[in-house]
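The structure appears right after this line, and notes come after that.
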Amino acid sequence: MDDIKAEVKLNEKLAHLTEQEVNTLMNRYYNNNKAKDLVEEYKIDINPSKLYTLFPPTVCDEKLCPYCANPLLIKRPSKSSYSFNTNNAYCINCGHEDSMFCNCTHCQEKKRIAELKKEEEQKKIAQRKRVLINETYNLNKYKPVKINELTLRDKVYLGALLRIALTEDMKKIKPLEYVERTLAPTLGYTKEILRALIYKNIILVSPDSKIEAFPDSSDEIEFPHVYYINKVSYVLNIDFEENYEKELAILINPSEINEEDKNEALKIWQDISLEECLEYLNYQMDKVKFEFNAGEKTIAIFKDLLQNFSVCQIYGIIYRSIANATKYYQETDISRKQAANSVVGNCQRYGERAIIEKWQLSKYNRVHECPQSMISEFFFNRITKIGELGFEMPPIIL
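Quick look at the structure:
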């Protein structure tokens, strides 16, 4: 203790005072004697407001430096902050501060070692996870699907996916989160497409997918048996009978459909049209801040509308119905929820009146916020070769 006290040098501006005089000065200062009077009385050359900065620090006998084992010191506070001194204790020898933010040499080294240890542990965890992923998604477990076993729907789904996500070396399918174009009009339809291809083992989760694509184990799931469908990469699991590049190119750029596939093609057209209607409905509802989740009733109503109207005409029906619901909400006491729930019913009634009264409905254009998805473009431009008629005609005959 005496060693520490000896190391605490008295400020040179107090050198003309004895130890007792310094202690008396400090007592009087903290007992609210005016600093200006004290500076004059003790002949101290300093601005009165800074007098406390000359006082020797308090020795903390109960706090020892973890590196030097010497008692820590605390700088004296001003009289205004005396009751809640927030100064950190420090070591006069090594500069360590009693704070989690200490940046002394010892603490820096301690943090560096902790970081190295953490990195090493994370590396080991990542290695263990990679082994589990490789074991779980071992590609050798799956028998390749013969290319002639693919249905039209398989080819449409796969062709659209390959167009937006096939890597330059034509070996893998990139995670959809890194793809600029949308695969399908809605997230639900995108998941449906991927799940259909995965279920048939047409595409397989790549064991080289990034570890972050697999959530950690919890009470509900076990790593790595669950994955984010848009974060993993995939590999093709198709038995190409002859030339890989040539047959892959046919999947990406197929010839026109044959007569026997037209019924299935019509169903795909209807599916795409329904999803484009739901996409536009959600966009317009969000635009006016109407909360809405399309359920079975909504789907049934829009399927019925598509028997008589094209997607571009239903765009107009949706736009008008939401405009009327918004006006109704603004002019009456109904809740926003009630107004939102009235939209789909309004669409149905408007469509039925249009049929009865033989209205010529306007054809709306696609909006920038709802660009044509790849499956829509691929199906209408390449598979059926009807182009914009897929958007401008009801999906009732092909």
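The sequence shown lines up with residues -14 to 383 when you count with my numbering.
Glycine included, every Cβ here is placed at the ideal spot set by N, Cα and C.
Taking the alpha carbon of residue i as the point to measure from, which residue in the options has its own alpha carbon closest?
{"i": "Lys274", "options": "Asn123, Glu260, Arg334, Ala325", "result": "Ala325"}
{"i": "Asp246", "options": "Val44, Ile368, Glu373", "result": "Ile368"}
{"i": "Glu337", "options": "Lys(-2), Asn293, Met85, Leu146", "result": "Asn293"}
{"i": "Val44", "options": "Cys76, Ser65, Ile158", "result": "Cys76"}
{"i": "Ile235", "options": "Asn133, Pro209, Ser306, Lys252", "result": "Asn133"}
{"i": "Asn17", "options": "Gln315, Leu143, Ser63, Ile183", "result": "Ser63"}
{"i": "Ala285", "options": "Tyr313, Leu124, Glu260, Tyr304", "result": "Glu260"}
{"i": "Ile257", "options": "Pro380, Asn267, Tyr268", "result": "Pro380"}
{"i": "Lys434", "options": "Cys50, Asp46, Leu49, Lys19", "result": "Since the first residue of the chain shown is -14 and the last is 383, residue 434 is not available in this structure."}
{"i": "Lys176", "options": "Asn215, Ile158, Arg97", "result": "Asn215"}
{"i": "Asn350", "options": "Tyr212, Leu374, Ile341, Trp344", "result": "Leu374"}
{"i": "Leu2", "options": "Asp30, Leu168, Trp344", "result": "Asp30"}
{"i": "Lys156", "options": "Phe225, Ala279, Leu117", "result": "Phe225"}
{"i": "Leu263", "options": "Ile299, Lys322, Leu49", "result": "Ile299"}
{"i": "Lys28", "options": "Val7, Ala250, Asp46", "result": "Val7"}
{"i": "Gly301", "options": "Tyr335, Arg321, Asp289", "result": "Tyr335"}
{"i": "Arg166", "options": "Tyr219, Lys370, Phe363", "result": "Phe363"}
{"i": "Pro170", "options": "Glu354, Glu377, Lys370", "result": "Glu354"}
{"i": "Phe199", "options": "Gln112, Phe208, Glu94", "result": "Phe208"}
{"i": "Glu276", "options": "Thr311, Arg97, Phe376", "result": "Thr311"}
{"i": "Lys185", "options": "Ser203, Gly280, Tyr212, Leu135", "result": "Leu135"}
{"i": "Leu151", "options": "His91, Glu241, Lys109, Leu233", "result": "Leu233"}
{"i": "Ser66", "options": "Asp271, Ser347, Tyr14, Ala279", "result": "Tyr14"}
{"i": "Lys252", "options": "Ala0, Lys288, Ala279", "result": "Lys288"}
{"i": "Tyr212", "options": "Arg180, Thr90, Arg305, Pro239", "result": "Arg180"}
Thinking C-beta only, is residue j closer than 8 Å to residue i?
{"i": "Val352", "j": "Thr283", "result": "no"}
{"i": "Val141", "j": "Ile360", "result": "yes"}
{"i": "Ile237", "j": "Leu161", "result": "no"}
{"i": "Asn55", "j": "Asn72", "result": "no"}
{"i": "Asn12", "j": "Leu39", "result": "no"}
{"i": "Gln333", "j": "Ile307", "result": "no"}
{"i": "Arg321", "j": "Ile196", "result": "no"}
{"i": "Pro33", "j": "Lys60", "result": "no"}
{"i": "Asn222", "j": "Ile187", "result": "yes"}
{"i": "Ile149", "j": "Val130", "result": "no"}
{"i": "Asp83", "j": "Leu57", "result": "yes"}
{"i": "Leu229", "j": "Ser191", "result": "Before going further, note that residue 229 is Tyr rather than Leu in the sequence given. Result no, Cβ atoms of Tyr229 and Ser191 do not sit closer than 8 Å."}
{"i": "Ile319", "j": "Leu266", "result": "no"}
{"i": "Leu101", "j": "Leu189", "result": "no"}
{"i": "Val296", "j": "Phe376", "result": "yes"}
{"i": "Gln255", "j": "Leu291", "result": "yes"}
{"i": "Tyr37", "j": "His81", "result": "no"}
{"i": "Asn309", "j": "Asn278", "result": "no"}
Which stretch, first to last residue, makes up the beta strand (DSSP E) that contains residue i?
{"i": "Leu221", "result": "219 to 221"}
{"i": "Glu47", "result": "43 to 49"}
{"i": "Ile59", "result": "56 to 59"}
{"i": "Leu189", "result": "188 to 190"}
State the start and end residues of the unbroken alpha helix (DSSP H) segment that holds residue i.
{"i": "Ile395", "result": "This structure does not reach residue 395, given that the chain is present from -14 up to 383, and the question cannot be answered."}
{"i": "Leu146", "result": "137 to 150"}
{"i": "Val211", "result": "First-last for Val211: undefined, no H or E at that position."}
{"i": "Cys262", "result": "247 to 272"}
{"i": "Asp289", "result": "281 to 290"}
{"i": "Leu296", "result": "The residue asked about is misnamed: residue 296 is Val in this sequence, not Leu. Residues 296 to 316."}
{"i": "Asn238", "result": "Premise fails: Asn238 is in no alpha helix (DSSP H) and is neither H nor E."}
{"i": "Asn331", "result": "321 to 341"}
{"i": "Asp22", "result": "20 to 26"}
{"i": "Tyr180", "result": "For the sequence presented, residue 180 should be read as Arg rather than Tyr. Residues 172 to 184."}
{"i": "Thr71", "result": "Per DSSP, Thr71 belongs to no alpha helix (DSSP H) and is neither H nor E."}
{"i": "Gln5", "result": "4 to 15"}
Would you decide whether residue i is buried or exposed? Buried here means 16 or more other CB atoms lie within 10 Å of its CB.
{"i": "Ile158", "result": "buried"}
{"i": "Gly173", "result": "exposed"}
{"i": "Asn88", "result": "exposed"}
{"i": "Trp344", "result": "exposed"}
{"i": "His210", "result": "exposed"}
{"i": "Val24", "result": "buried"}
{"i": "Ser118", "result": "Per the sequence shown, the amino acid found at residue 118 is Ile instead of Ser. Burial call: buried."}
{"i": "Ile393", "result": "The requested residue 393 does not occur in the structure, where the chain is confined to residues -14 to 383."}
{"i": "Leu168", "result": "buried"}
{"i": "Ala99", "result": "exposed"}
{"i": "Ala250", "result": "buried"}
{"i": "Gly144", "result": "buried"}
{"i": "Val217", "result": "buried"}
{"i": "Ser358", "result": "buried"}
{"i": "Ile242", "result": "buried"}
{"i": "Ser194", "result": "buried"}
{"i": "Tyr122", "result": "buried"}
Is there a Cβ from chain B that is less than 8 Å from the Cβ of residue i?
{"i": "Gln112", "result": "Of the protein chains in this structure there is only one, and it is not chain B."}
Check whether the Cβ of residue i sits closer than 7 Å to any heavy atom of the ligand ADP, and report yes or no.
{"i": "Glu232", "result": "Annotation note on the ligand ADP: not contained in the displayed structure, which lists no ligands."}
Ignoring anything shorter than 4 residues or poking outside the stretch 347 to 373, list the alpha helix (DSSP H) runs there in chain order.
-> 359 to 363
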